[in-house]
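Taken in sequence, the protein lines are chains A and B. Under the working numbering, the first residue of the first sequence carries the number 1423, and numbering increases by one thereafter. Under the working numbering, the first residue of the second sequence carries the number 1423, and numbering increases by one thereafter.
Number of protein chains: 2
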Amino acid sequence: MGELDGARDLLIDALGRQSAFWGVGKVTGQLYAVLYLSDRPLSLGELAESLGVTKGNVSVAMRSLEALGMVRRSLPAGDRRVFFEAEPDVWLIARRVLERRSKPEFDESFRLVDEGAALAAAGPASPARDFAVARLAALQGFYAELDAIVAAVLRLDPRRLARLLRLTAGRRAGGRAAR
Amino acid sequence: MGELDGARDLLIDALGRQSAFWGVGKVTGQLYAVLYLSDRPLSLGELAESLGVTKGNVSVAMRSLEALGMVRRSLPAGDRRVFFEAEPDVWLIARRVLERRSKPEFDESFRLVDEGAALAAAGPASPARDFAVARLAALQGFYAELDAIVAAVLRLDPRRLARLLRLTAGRRAGGRAAR
DNA sequence: CGCAACGTTTAGATGGTTGTAAACGGTCGA
DNA sequence: TCGACCGTTTACAACCATCTAAACGTTGCG
């Protein structure tokens, strides 16, 4: 079991870094790592002990994980404890996070840029205004393209998408890689 | 000029939100917004005044913006002031940020997962080990696919990429009109 | 009943980030 | 060479997120 524990510690480190980097808190990712490698659901107390943190800390972190759809809660009959198990489909998780967390923030900026572009276009003509209008139009184009990419990532089968992009990248953008 | 100022304030808000969301600090994005809409380079003092923050604050923020390749510094002959202008290619910026900031963090996690997978595979066979090995293999697949997507975004022309993905998405799911 | 186990909530400490204010150093013009 | 102007750096204050510890409410069991 030594190697398994070592592997688990490495994953705890890896996912803890990731979750901290994406602004979701360190223990959040660490808890997911523990559940991801566990072949049975774990109770809140077990999770707390496995990371050496308090139950209160785990309690709030699990709420975030549930909100992101990263874990499921199960309540066995005849047991007061609540058990958690990891959602194993990491692509599903990535899509959900992108959709529920990044997308709204992104859309709000998009809306503000649209509003600003309309406002600037309504102003009296001047060199400064023309410059700003052109810049805002370029920014709108960027947002639109980014939106298309995000939409594709959200809707396409990731395996197919990765292969498609690998092919296109290999051909240096220009070949027809359809099949 | 009223409409222009309004539009500028909206962009300051939009990009300030974005930069704060991506963990780069609020004023950083705000400063870029000011420069992005300015038809002439601005000095550090002008930037500080336009946002109502101190010059010291602007000084450090501009350092970050330079490190990300989001602004350029120009030193006109016969003027002690330093002037800044925005890099206008937002796709170029997005790619650079993805490359210099997200990619290393992502690669480090990838490496740790690889290491963990190798370690787990080396351990004595058991149901728990087989489970963990399978899970880690799935995670490695996820990272590999994600890597392919990121590589494509980094290398392809964004306009072509957006169109390609729009087409593919349209063929697979219902057509999605651009905004 | 009363106790024990469990998860949740709250108050407080702690650390990291972000901003200000002011001292500092360098450079140009008079 | 003096003085004014700029940008940079430093020290410090304010804030926000995160964690712990402990009180709390609930539930099952003897």
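Just so it is clear, CB atoms sit at the ideal spot from N, CA and C, and this is done for glycine as well. Since the model is a prediction, treat every value here as computed from it, not as a measurement.
What are the boundary residues of the alpha helix (DSSP H) that residue i is part of?
i, result
"Glu1507 (chain A)", "That residue, Glu1507 (chain A), is in no alpha helix (DSSP H); its beta strand (DSSP E) goes 1505-1508."
"Val1519 (chain B)", "1512-1519"
"Asp1435 (chain B)", "1424-1443"
"Val1482 (chain A)", "1477-1489"
Write down the C-beta distance between residue i and residue j rounded to the nearest angstrom, noting that I regard them as a contact closer than 8 Å.
i, j, result
"Ser1496 (chain B)", "Glu1488 (chain B)", "Their Cβ separation, rounded to whole angstroms, is 12 Å, which puts Ser1496 (chain B) and Glu1488 (chain B) out of contact at 8 Å."
"Leu1535 (chain A)", "Leu1568 (chain A)", "As written in the sequence, residue 1535 (chain A) is Val, which differs from the Leu given in the question. Not really, about 12 Å apart at Cβ, beyond 8 Å."
"Gln1562 (chain B)", "Ala1540 (chain B)", "Not a contact, Cβ separation roughly 10 Å."
"Gly1438 (chain A)", "Ala1483 (chain A)", "So it is not a contact: roughly 11 Å between Cβ atoms."
"Leu1520 (chain B)", "Val1575 (chain B)", "7 Å"
"Ala1542 (chain A)", "Ala1554 (chain A)", "5 Å"
"Glu1537 (chain A)", "Leu1432 (chain B)", "6 Å"
By how many angstroms is the C-alpha of residue j removed from the C-alpha of residue i?
i, j, result
"Glu1425 (chain B)", "Gly1474 (chain B)", "20 Å"
"Leu1490 (chain B)", "Glu1509 (chain B)", "10 Å"
"Phe1532 (chain B)", "Ile1571 (chain A)", "23 Å"
"Lys1525 (chain A)", "Gln1440 (chain B)", "11 Å"
"Gly1596 (chain A)", "Thr1590 (chain A)", "With a pLDDT of 41 at Gly1596 (chain A), under the threshold of 50, the modelled position of that residue is not reliable, and the figure given next carries that caveat. Between Gly1596 (chain A) and Thr1590 (chain A), the C-alpha separation is close to 8 Å."
"Pro1498 (chain B)", "Ser1465 (chain B)", "11 Å"
"Pro1580 (chain B)", "Ser1486 (chain B)", "25 Å"
"Thr1476 (chain B)", "Gly1451 (chain B)", "16 Å"
"Ile1434 (chain B)", "Phe1505 (chain B)", "19 Å"
"Glu1468 (chain A)", "Leu1457 (chain A)", "11 Å"
"Ser1481 (chain B)", "Arg1523 (chain B)", "21 Å"
"Ala1550 (chain B)", "Ala1442 (chain A)", "28 Å"
"Ala1544 (chain B)", "Glu1527 (chain B)", "26 Å"
Quick check on DSSP: helix, strand or coil for residue i?
i, result
"Arg1557 (chain A)", "helix"
"Leu1459 (chain B)", "helix"
"Ser1548 (chain A)", "coil"
"Leu1464 (chain B)", "strand"
"Leu1576 (chain A)", "helix"
"Asp1501 (chain B)", "coil"
"Val1446 (chain B)", "coil"
"Gly1474 (chain A)", "coil"
Please tell me whether residue i has its Cβ less than 8 Å away from any Cβ of chain A.
i, result
"Asp1435 (chain B)", "yes"
"Asp1668 (chain B)", "Outside the displayed span of chain B (1423 to 1601) sits residue 1668 (chain B), for which this structure offers no information."
"Asp1461 (chain B)", "yes"
"Pro1498 (chain B)", "no"
"Gln1440 (chain B)", "yes"
"Phe1506 (chain B)", "no"
"Leu1453 (chain B)", "no"
"Leu1587 (chain B)", "yes"
"Arg1557 (chain B)", "yes"
For chain B, find out if any of its Cβ atoms is closer than 8 Å to the Cβ of residue i; answer yes or no.
i, result
"Ala1542 (chain A)", "yes"
"Leu1457 (chain A)", "no"
"Arg1551 (chain A)", "yes"
Taking the beta strand (DSSP E) that residue i falls in, what are its first and last residues?
i, result
"Val1493 (chain A)", "1493-1496"
Shorter than 7 Å, the distance from the beta carbon of residue i to the closest heavy atom of the ligand SAH, or not?
i, result
"Arg1503 (chain B)", "Questions concerning the ligand SAH fall outside what the structure shown contains, since it holds no ligand whatsoever."
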